[in-house]
Amino acid sequence: AGIVVTASHNPKEYNGYKVSWADGAQVVTPHDTGIISEVVATDMANVKRADFEQAKKDGQI
Numbered sequence: 001a002g003i004v005v006t007a008s009h010n011p012k013e014y015n016g017y018k019v020s021w022a023d024g025a026q027v028v029t030p031h032d033t034g035i036i037s038e039v040v041a042t043d044m045a046n047v048k049r050a051d052f053e054q055a056k057k058d059g060q061i
């Protein structure tokens, strides 16, 4: 399973992500609805962030 964060040349409202199962297939209903419910409920102010260069040095990237 995995998540791909996507960027767009359009306004930021059109950026997003794609969620896939372990076999690479797209996640479908009803699982997609459950995932988006969790995303919407997440307080993004509490999401941990890392400095890109430091994360590279630490082997996280």
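In the numbering used here, the protein residues as written are 1 to 61.
By construction, the Cβ of each residue, glycine as well, lies at the ideal position given by its N, Cα and C atoms.
Cut-off 7 Å between Cβ atoms - residues of its own chain near residue i, not counting five sequence neighbours on either side
i: residue 5; result: 17
i: residue 55; result: 61
First and last residue of the uninterrupted beta strand (DSSP E) at residue i
i: residue 18; result: 16 to 20
Beta-carbon gap between residue i and residue j smaller than 8 Å
i: residue 7; j: residue 15; result: yes
i: residue 28; j: residue 3; result: no
Own chain residues within Cβ distance below 8 Å of residue i, not counting five before or after
i: residue 53; result: none
i: residue 32; result: 19
First through last residue of the alpha helix (DSSP H) which encompasses residue i
i: residue 34; result: 31 to 41
i: residue 55; result: 52 to 57
Close beta carbons around residue i, own chain, < 6 Å, minus the five adjacent residues each side
i: residue 1; result: 21 and 22
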